[in-house]
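To keep things clear, I will list the structure first and then write my remarks on it.
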Amino acid sequence: MLLTGSAGGVGRATRSVLEAAGWTVETFDLTDGQDLRDLEAVLAAMHGCQAVVHAGAIAHDSAGTPAEIMATNLLGTWHVLQAAEAHSLSRVVYFSSAQVFGFAEGEGTPAYLPVDDAHPVRAARPYGMSKRLAEEMCAAWTSRTGVPTTVLRPVMILDDSALLRVTQDKAELGAFVHVEDVAAAVLSAISTGPAGHVRLTLCGAGQFRTTAARQTLGWMPSRGWPSAAPARGEAAD
Ligand SMILES: NC(=O)c1ccc[n+]([C@@H]2O[C@H](COP(=O)([O-])OP(=O)(O)OC[C@H]3O[C@@H](n4cnc5c(N)ncnc54)[C@H](O)[C@@H]3O)[C@@H](O)[C@H]2O)c1
């Protein structure tokens, strides 16, 4: 399988989990000179793969200009889908974000709490909009090709070292998900994911409901905030 964004925080953790489960992981990252904006490069990298996990992106509004964000996150995703079709892949796992809902960093307010996957998507800043539009791209592509796209929508992803710095009161809606739980969701999606197009919020603790991920992937977060009650992934259930 191909993993884009393999040199990033999520990519590194995901690669370890997938390889431990027996997957052969081909990597793809700009830091290795492979560019999602280059269709030929994506096509070449996907040769011989059964599935793709597409995590490569400019992962925040502060990390690029609006034009760079759209080029990498939208055109890059289009290239991944084109290559997946050309190589007859059996599944695409796409990394979206809970920022699609449109209330990250003061952009707006939730329509209701806890937020679930039926919540309207309203993101209008470049990063959130790129993820929102790429979700639609995946849905349309699946409806035409029949190839499943499993869309993961993590809230803020933290690893153990970040958990030493970030506290619940600083987190949007008190929400985070541990990177190891995210990697576990990828493994589940790639191994036994559903048919069709689905969008699944991933949250370890906070005001997001992860019912869809539990029902679709059997996914439950294992990590909550340190010293808090164990994560249940079902805030306010
Ligand atoms: N970190 C979070 O809190 C969070 C939350 C929700 C969703 N996500 C999404 O999860 C995915 C992984 O995030 P991350 O935290 O590992 O981000 P990251 O920035 O650590 O990793 C992203 C990787 O993509 C690569 N990349 C960027 N532009 C590229 C291009 N043109 N061609 C090839 N590779 C390119 C980067 O080099 C980097 O290694 C992203 O799609 C991000 O939007 C992250």
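Take the position in the sequence shown, starting the count at 1, then add 2; the result is the number in our numbering.
Ideal placement from N, C-alpha and C gives every residue a C-beta, glycine not left out.
Asked	Found
Inter-stretch contact at 8 Å, needing at least 3 Cβ pairs: the region 103-118 / the region 76-85	no
Residues with C-beta closer than 5 Å to any heavy atom of ligand 1, in chain order	G7, A9, G10, G11, V12, D31, L32, T33, D37, L38, A57, G58, A59, A61, T74, F97, S99, P156, M158, I159
Extent of the continuous beta strand (DSSP E) to which H56 belongs	53-56
Of the listed residues T147, E174, L83, V153, nearest to I159 (C-alpha basis)	E174
Bounding residues of the alpha helix (DSSP H) (the contiguous stretch that carries R17)	11-22
Closest residue to D40 among F105, V82, Q170, R93 (Cα-Cα distance)	V82
Beta strand (DSSP E) segment containing V94, residue limits	93-97
CA-to-CA distance, G13 to E236, given in whole angstroms	Residue placement at E236 is poorly supported in this model, since its pLDDT is 46, which falls under 50; the coordinates still yield a value, given next. Computed Cα separation, rounded: 26 Å.
Close-in-space but distant-in-sequence residues of the same chain around A214 (CB under 8 Å, 5 per side omitted)	D118, D119, V200, R201, L202, T203
C-alpha distance - W197 paired with A136, whole-angstrom precision	Note on residue identity: the sequence assigns Ala, not Trp, to residue 197. Approximately 18 Å between the Cα atoms of the pair.
Where L38 falls, given that 16 or more other Cβ within 10 Å makes a residue buried	buried
Start-end ranges of the alpha helix (DSSP H) lying completely within the region 53-88, minimum 4 residues	68-72, 78-88
Secondary structure of T144, DSSP reduced to three states	helix
Length of the line joining the Cα atoms of L91 and S229	43 Å
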